[in-house]
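In our numbering, the protein residues as written are 11 to 281.
Here is the structure we will look at.
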């Protein structure tokens with residue numbers, strides 16, 4: 011893995027493999043009934059610009075969702091970044107994957123609520139450098155809440171598998187309780203829920219976060235969808251085979267069965 015060019019040449023790339031794989035699962039399982047796919051944008055580790063007075067200031071969310079905007083920049087090209095004031099719309103959801111040394115950047119005043127298992131403590135601290143004006147940019151919690159007013163903010167620790175949820179209420183983020191035994195959060199503004207799921211994705215079995223529907227079912231990922239379609243085809247063929255066998259046993263001819271079922275005589279002979 012290597013770092014791609016960034017607006018900030020001193021900014022590091024993805025901190026670990028989990029930060030690459032987990033966002034893929036979030037994007038693959040996202041299904042929003044109220045928005046067409048060409049009016050949904052999801053970003054992973056790309057620059058999110060938020061301050062027109064400081065146009066180079068940006069954050070790089072691990073994953074974020076914006077609805078009711080063109081999927082493509084100017085409806086014709088892949089996005090290099092997301093400029094909130096230019097688009098006229100803030101993200102609806104941001105997900106940060108907790109990294110060692112970046113706790114305060116992700117959680118701000120809520121850092122004190124960390125538990126020991128949330129993060130290792132043997133890595134160097136992360137600091138936000140002043141820009142060329144000497145002004146220190148705000149941390150992510152401030153940007154997502156006070157500036158962009160993003161309705162839903164999640165922080166997930168892959169070390170403790172703890173999901174924390176912050177909702178923008180009355181001008182500030184307020185942490186909402188997440189059941190540790192059944193960590194799921196329903197988002198009424200989007201008609202979808204986010205929860206912690208234990209299973210296999212991209213050959214790795216562990217706890218992940220992914221989306222679920224109104225019935226509480228996990229929305230399938232691309233590989234899961236392919237497998238479901240394969241099983242459905244096999245089941246349909248098995249049922250059709252049984253119908254043909256039953257008709258043959260009843261004494262009906264192959265020609266008659268072909269006319270009734272629309273199956274070729276050659277296929278019937280295979281059954």
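Idealized CB from N, CA, C, for every residue including glycine.
In this text, all values refer to a predicted model and were calculated from it rather than measured experimentally.
Contact test: residue i Cβ vs the ligand GTP heavy atom, cutoff 7 Å
i           : result
residue 220 : Absence of the ligand GTP from the depicted structure is noted, as is the absence of any ligand whatsoever, leaving it without description.
Identity of the residue in the options nearest residue i by Cα
i           : options            : result
residue 169 : 275, 218, 262, 266 : 218
residue 207 : 198, 192, 264      : 192
residue 272 : 250, 165, 256      : 250
residue 202 : 149, 247, 40, 28   : 40
residue 63  : 190, 157, 161, 198 : 157
residue 145 : 61, 248, 274       : 61
residue 183 : 150, 67, 255       : 150
residue 280 : 247, 27, 161       : 247
residue 74  : 43, 91, 66, 85     : 91
residue 43  : 71, 276, 198, 254  : 198
residue 95  : 110, 188, 67, 85   : 67
Cα-Cα separation between residue i and residue j, rounded to whole angstroms
i           : j           : result
residue 214 : residue 24  : 18 Å
residue 175 : residue 236 : 31 Å
residue 123 : residue 212 : 32 Å
residue 69  : residue 59  : 7 Å
residue 136 : residue 180 : Confidence in residue 136 is poor, its pLDDT being 43 and thus under 50, which makes the residue's placement unreliable; the coordinate value appears in the next sentence. Residue 136 and residue 180: Cα-Cα distance of roughly 30 Å.
residue 186 : residue 114 : 19 Å
residue 37  : residue 232 : 10 Å
residue 262 : residue 242 : 28 Å
residue 93  : residue 52  : 13 Å
residue 223 : residue 89  : 28 Å
residue 194 : residue 200 : 15 Å
residue 226 : residue 239 : 20 Å
residue 265 : residue 244 : 24 Å
residue 229 : residue 104 : 19 Å
residue 154 : residue 252 : 58 Å
residue 26  : residue 57  : 18 Å
residue 148 : residue 28  : 26 Å
residue 65  : residue 112 : 23 Å
residue 278 : residue 254 : 7 Å
residue 11  : residue 276 : Note that residue 11 scores a pLDDT of 28, beneath 50, so its modelled location is shaky; the value from the coordinates is reported in the next line. If you take the alpha carbons of residue 11 and residue 276, they lie about 52 Å apart.
residue 109 : residue 116 : 9 Å
residue 173 : residue 270 : 56 Å
residue 162 : residue 190 : 19 Å
residue 209 : residue 234 : 12 Å
residue 188 : residue 85  : 38 Å
residue 196 : residue 171 : 18 Å
Whole-Å CB distance - residue i paired with residue j, under 8 Å assumed
i           : j           : result
residue 118 : residue 159 : Between residue 159 and residue 118 the Cβ distance is about 15 Å, and since that is not below 8 Å, they are no contact.
residue 107 : residue 166 : 6 Å
residue 178 : residue 204 : Going by Cβ atoms, the distance from residue 178 to residue 204 rounds to 16 Å, so no, they are not a contact pair.
residue 268 : residue 260 : The Cβ separation is near 15 Å, so there is no contact.
residue 295 : residue 55  : With the chain running from 11 to 281 in the structure shown, residue 295 is simply not present.
Counting Cβ pairs, one atom from each stretch, are 3 or more of them under 8 Å apart for the segment 43 to 63 and the segment 75 to 86? yes
How about the segment 24 to 40 and the segment 219 to 237: do they share at least three Cβ pairs that are nearer than 8 Å? Short answer: they touch.
Segment contact, 8 Å Cβ cut-off, at least three pairs: the segment 99 to 109 with the segment 60 to 78: yes
At 4 residues or longer, and completely inside the segment 11 to 80: list those alpha helix (DSSP H) runs for me, N to C. 28 to 38
Mind listing, in chain order, the continuous beta strand (DSSP E) runs of no fewer than 3 residues lying wholly within the segment 205 to 270? 214 to 222
Report the start-end ranges of each beta strand (DSSP E) in the segment 144 to 200 that is 3 residues or longer and not cut off at the edges. 162 to 167, 172 to 179, 182 to 186, 194 to 197
Alpha helix (DSSP H) runs contained entirely in the segment 75 to 120, provided each spans 4 or more residues: The DSSP assignment places complete alpha helix (DSSP H) segments of no fewer than 4 residues inside the segment 75 to 120 at 94 to 97, 113 to 117, in order along the chain.
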